[in-house]
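Contents: one structure, followed by commentary.
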Amino acid sequence: MAPCIDTFRTCNPQLSRDDDSRFCYMNLFRHVHFPSRAPITTTSHSNSLDGGDVWLKMLEEAKSDVEQEPILSSYYHASITSHPSLSSALANILSVKLSTLTLPSDTLSEMFITLLEESPEIIESVKQDLKAAKERDPACLSYVHCFLSFKGFLACQAHRIAHELWTRDRKILALLIQNRVSEAFAVDIHPGAKIGKGILLDHATAVVVGETAVIGDNVSILHGVTLGGTGKQCGDRHPKIGDGVLIGAGACILGNITIGEGAKIGSGSVVLKDVPPRTTAVGNPARLIGGKENPKMVDKVPGLTMDQTSYLTEWSDYVI
18 MAPCIDTFRT
28 CNPQLSRDDD
38 SRFCYMNLFR
48 HVHFPSRAPI
58 TTTSHSNSLD
68 GGDVWLKMLE
78 EAKSDVEQEP
88 ILSSYYHASI
98 TSHPSLSSAL
108 ANILSVKLST
118 LTLPSDTLSE
128 MFITLLEESP
138 EIIESVKQDL
148 KAAKERDPAC
158 LSYVHCFLSF
168 KGFLACQAHR
178 IAHELWTRDR
188 KILALLIQNR
198 VSEAFAVDIH
208 PGAKIGKGIL
218 LDHATAVVVG
228 ETAVIGDNVS
238 ILHGVTLGGT
248 GKQCGDRHPK
258 IGDGVLIGAG
268 ACILGNITIG
278 EGAKIGSGSV
288 VLKDVPPRTT
298 AVGNPARLIG
308 GKENPKMVDK
318 VPGLTMDQTS
328 YLTEWSDYVI
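One point on numbering: in my numbering, the residue at position 143 of the sequence shown is 160, and numbering is uninterrupted.
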């Protein structure tokens, strides 16, 4: 996953809404009916931590990293160890990444921490997203590595805040955050889009998600994916992605269509029609592996296994 290293915060770790003092900064080197089938389980079975322990584990990881690389001690202090909670650290890192000369990071941080304190469900989703990266991405060294350096994770958390603002009818501010996320991370998610928990945006560059899109839980999306509309029509016009779906790099899913739970979309595919649960759609335009009448069913959850190429042996047209 592409790293995103930037400037980090603050000699003063306190983020109290009553403290309006400016921080000092240090520069350092984110519906259709299908035939019923037995439900699939999208719960990971790995020996990961419970959500409540993620922050404690991050503090341990930060300490270990600093012992290995003492040059990073100030960086980790400002970003992780000076903070009393995951909410505080997240508000800080996002405010620094998204700030501008006319929208200072202390202003953003104050607003972010307020929203996070008022919306504890966001932090629960943040923890699940951290676990998703650690469990599904072999390039992820630790929770703190993801938190500091994975722009897909950061873009997703910024979207969660923007979506909360959107639902509170603070749409101008939500759209501003969307714009800054697009500029900072090259990820464009409309604040109206609804996103579940346990989301992995792997690499994340050029991911586009439209306003009325819905993404379920435990979904994995690679870079260059578009969940878009088909024209300039208004209303409900974007895809609905079920739980446990895997969407390969460069795939385009267009229109108000449904990708059923546990489905797999091959890299580079253009999907214009509904995809049944537990099936694999590949190609441009996309078609089901095994055909529409008897598609080959996926046994394991693609969004968790990250298996992107197992369908090749079933696709008779694939030749080199």
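Even glycine gets a Cβ: it sits at the ideal position worked out from N, Cα and C.
Since the structure is predicted, the reported quantities are computational estimates derived from the model, not experimental observations.
Quick check: what's the CA-CA separation for residue i versus residue j?
{"i": "G106", "j": "H207", "result": "One point to set straight first is that residue 106 is Ala, not Gly, in the sequence displayed. So the alpha carbons of these two residues sit roughly 24 Å apart."}
{"i": "G245", "j": "D82", "result": "40 Å"}
{"i": "L125", "j": "S104", "result": "13 Å"}
{"i": "K144", "j": "G209", "result": "22 Å"}
{"i": "F40", "j": "H100", "result": "Unreliable positioning characterises F40 in this predicted model, as indicated by a pLDDT of 33, which lies under 50. The coordinate reading is nonetheless provided below. For F40 and H100, the distance between alpha carbons rounds to 14 Å."}
{"i": "G283", "j": "Y93", "result": "38 Å"}
{"i": "G259", "j": "I232", "result": "6 Å"}
{"i": "Q325", "j": "I178", "result": "31 Å"}
{"i": "L111", "j": "E141", "result": "17 Å"}
{"i": "I194", "j": "D186", "result": "14 Å"}
{"i": "P312", "j": "L289", "result": "17 Å"}
{"i": "N109", "j": "L171", "result": "12 Å"}
{"i": "V204", "j": "G252", "result": "23 Å"}
{"i": "V315", "j": "P137", "result": "34 Å"}
{"i": "P155", "j": "C163", "result": "12 Å"}
{"i": "M323", "j": "L147", "result": "16 Å"}
By the DSSP assignment, the alpha helix (DSSP H) with residue i in it spans what residues?
{"i": "G4", "result": "Coverage of the chain is limited to positions 18 through 337, which leaves residue 4 absent and any answer about it impossible."}
{"i": "S199", "result": "188–202"}
{"i": "D219", "result": "Taken as a continuous stretch (DSSP letters only), D219 belongs to no alpha helix (DSSP H), being part of the beta strand (DSSP E) at 217–219."}
{"i": "L271", "result": "Looking at the DSSP string, L271 is not in any alpha helix (DSSP H); the run it does join, the beta strand (DSSP E), is 269–271."}
{"i": "V71", "result": "71–85"}
{"i": "A108", "result": "103–115"}
{"i": "S91", "result": "90–93"}
Does the Cβ of residue i lie closer than 6 Å to at least one heavy atom of the ligand MG?
{"i": "I130", "result": "What this structure holds is no ligand at all, so the ligand MG is not there to describe."}
I'd like to know whether the C-beta atoms of residue i and residue j end up nearer to each other than 7 Å.
{"i": "E278", "j": "G265", "result": "no"}
{"i": "D291", "j": "I274", "result": "yes"}
{"i": "V161", "j": "A79", "result": "yes"}
{"i": "N235", "j": "G308", "result": "no"}
{"i": "G272", "j": "T247", "result": "yes"}
{"i": "T243", "j": "C269", "result": "yes"}
Starting from residue i, follow the beta strand (DSSP E) in both directions and report where the run begins and ends.
{"i": "T243", "result": "243–245"}
{"i": "L239", "result": "237–239"}
{"i": "T98", "result": "Run containing T98: none; DSSP gives neither H nor E here."}
{"i": "A298", "result": "297–299"}
{"i": "V292", "result": "Premise fails: V292 is in no beta strand (DSSP E) and is neither H nor E."}
{"i": "V315", "result": "Run containing V315: none; DSSP gives neither H nor E here."}
{"i": "V262", "result": "First-last for V262: undefined, no H or E at that position."}
Stretch pair the stretch 239–255 + the stretch 217–226: three plus CB contacts closer than 8 Å: yes
Runs of beta strand (DSSP E) lying entirely within the stretch 120–188, each at least 3 residues, in chain order: None, since the stretch 120–188 contains no complete beta strand (DSSP E) of that length.
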